Amino acid sequence: KAERNKATGLIAELKRNKQNADDAVLKSREIGDKIAGYDNDLRDVEKSIKDIMMMMPNLPHESVPVGKDADDNITVKECGTKREFTFKPKDHIQLTEKLGIMDFKKASRMSGSGFPLYIGKGATLERALINYMLDYHIKDGYVEVIPPILTLPHAMEGTGQLPKMKEDMYYCEKDDLYLIPTGEVTITNMHREEILYGENLPLYYIGYTPCFRREAGSYGKETKGLLRVHQFNKVEMVKFVKPETSYDELEDLVKRVEGILAELKIPYRILLLCTGDLSFGAAKCYDVETWSPAEDKYLEASSCSNFVDFQARRMDLRFRPEPGAKLEYVHTLNGSGLATSRLMVSILEHYQNEDGSITVPEVLRKYTGFDVIK
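When you read off a place in the sequence shown, starting at 1, and then add 69, the result is the number in our numbering.
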């Protein structure tokens, strides 16, 4: 570029002196062509570097146990009393079909497998559960948001779903939009490319969204009923915090999930995920699983993660600790507070009666307007 500037100056000087500048113009064009070629090469290199970096996962926190897969996760604790039945408990499919509150066959005729259809009091119970969980968080200062459920690729890149998990998501090619797999995506991207003020942190958000996942690669896994679906409802907690508080904030997310399950009186356990089972962007993650009497096992109902500055760097989200201070990256966290599908399985099965009716958990009754589904 210095040579081009020199050539440009020479051309101007020759023209001022009314001398022939053809050779200088030709040389300037040659230099310009070289620069254009170098710029293209540089863009290719920068893209290659970005592509490599976007596929690099977060670094696990030192407290995360080293392990290969889910078998190496650590059970932190188990809480609640597993119900002892005086009759053989039905599973959630048998219960809902008999009561007419869900219909998986009709849903399948409309949309294929993996999509639920809630009907009547089943729909009311689902809505009650969502509203109860929203209110639980809002009363403690969380700000409710209703975010978009379709989002551009750069938002998915910001939270770490793209490019690694592209095949697991639904994509609208004509509009270049993705259906969100979790409310985390659009709620976290609310502050992308912003500079926040330290005095305003932490920021707590809560939002309900439907979520959509192709579940590519899930063949052979337990998929019946609500156990593994392509569309489900979730109440999502998202935090923007200062780096020095982020791990305390993670523990608080887990306690919030525990608080809801304690009020619902559903047995649960908490797992600390090992390095081999940790999600792509998380530095540390806890899974909270609820007990299914009919399945005779725990089902994942919530995942609470600290991403430290991983997402903030991808979204260019920073904060200024105090006036005049150097900018720092915000730490982001999120947790399911909670996803309804597997939690609903646990509620239906745990609260069933011998005659096939279902007692509504006490904390949900003011939302449903009824005590029993029969």
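Even glycine gets a Cβ: it sits at the ideal position worked out from N, Cα and C. Bear in mind that the values here come from a model prediction, so they are computed numbers and not experimental data.
For Met384, is the classification buried or exposed, using 16 other Cβ atoms within 10 angstroms of its Cβ as the cut-off for buried?
buried
Checking the sheet assignment: what are the DSSP bridge partners for Thr401?
Phe309
Environment of Gly276 [buried if 16+ CB atoms lie within 10 Å]
buried
State the Cα-Cα distance for the pair His161 and Glu369, rounded to the nearest angstrom.
16 Å
Quick check: the stretch 429 to 436 against the stretch 196 to 211, are at least 3 beta-carbon pairs closer than 8 Å?
yes
Cys343 CB to nearest chain D CB: under 7 Å?
The displayed structure is made up of one protein chain only, and chain D is not part of it.
Let me know the alpha helix (DSSP H) ranges lying completely inside the stretch 256 to 281, each 4 residues or longer, listed in chain order.
none
Measuring CA to CA, which of Ala71, Val326, Asn302 is closest to Ile215?
Asn302
Length of the line joining the Cα atoms of Lys151 and Pro362
8 Å
What would DSSP say about Gln88, mapped onto helix, strand or coil?
coil
With contact counted as at least three CB pairs below 8 Å, one residue from each stretch, are the stretch 372 to 383 and the stretch 343 to 359 in contact?
yes
Between which two residues does the alpha helix (DSSP H) harbouring Thr228 extend?
222 to 228
Going by the beta-carbon positions, is the gap between Tyr240 and Phe281 smaller than 7 Å?
no
Using the beta-carbon count (16 or more within 10 Å), is Phe379 buried or exposed?
buried
Is it the case that the Cβ atoms of His400 and Val310 are separated by a distance below 7 Å?
yes
Is the stretch 337 to 344 close to the stretch 124 to 139, with three or more CB pairs under 8 Å?
yes
Report the three-state DSSP secondary structure of Thr359 (helix, strand or coil).
strand
Closer than 7 Å by C-beta to Asn422: which residues in its own chain qualify, once you throw out the five before and the five after it? Chain order, please.
Thr428
Suppose only complete runs of 3+ residues qualify. What are the beta strand (DSSP E) ranges in the stretch 146 to 221, listed by chain order?
212 to 214
Hey, Ile218 and Thr257: beta-carbon distance below 7 Å or not?
no
Would you kindly check if the distance between the Cβ of Arg283 and the Cβ of Asp244 is under 7 Å?
no
Enclosing beta strand (DSSP E) for Glu431 [first to last residue]:
Glu431 -> no beta strand (DSSP E), and no H or E assigned at all.
Inter-residue Cα distance where the pair is Asp92 and Asp110:
27 Å
What residue range does the alpha helix (DSSP H) around Tyr316 cover?
315 to 333
Which residue comes first and which comes last in the beta strand (DSSP E) that contains Ile249?
From DSSP, Ile249 is part of no beta strand (DSSP E); its letter is neither H nor E.
Helix, strand or coil: which one does DSSP assign to Ser374?
strand
Can you find at least 3 beta carbon pairs, one from the stretch 387 to 400 and one from the stretch 253 to 269, that sit closer than 8 Å?
yes
Using a Cβ-Cβ cut-off of 6 Å (strictly less than) and excluding sequence neighbours within five positions of Gly183, which residues of its own chain qualify?
Val298, His299
Going by alpha carbons, who is nearest to Lys146 out of Lys293, Gly227, Glu327?
Glu327
Take Gly101 and list the residues in its own chain whose beta-carbon comes closer than 7 Å to its own, dropping the five residues that flank it on each side.
Arg73
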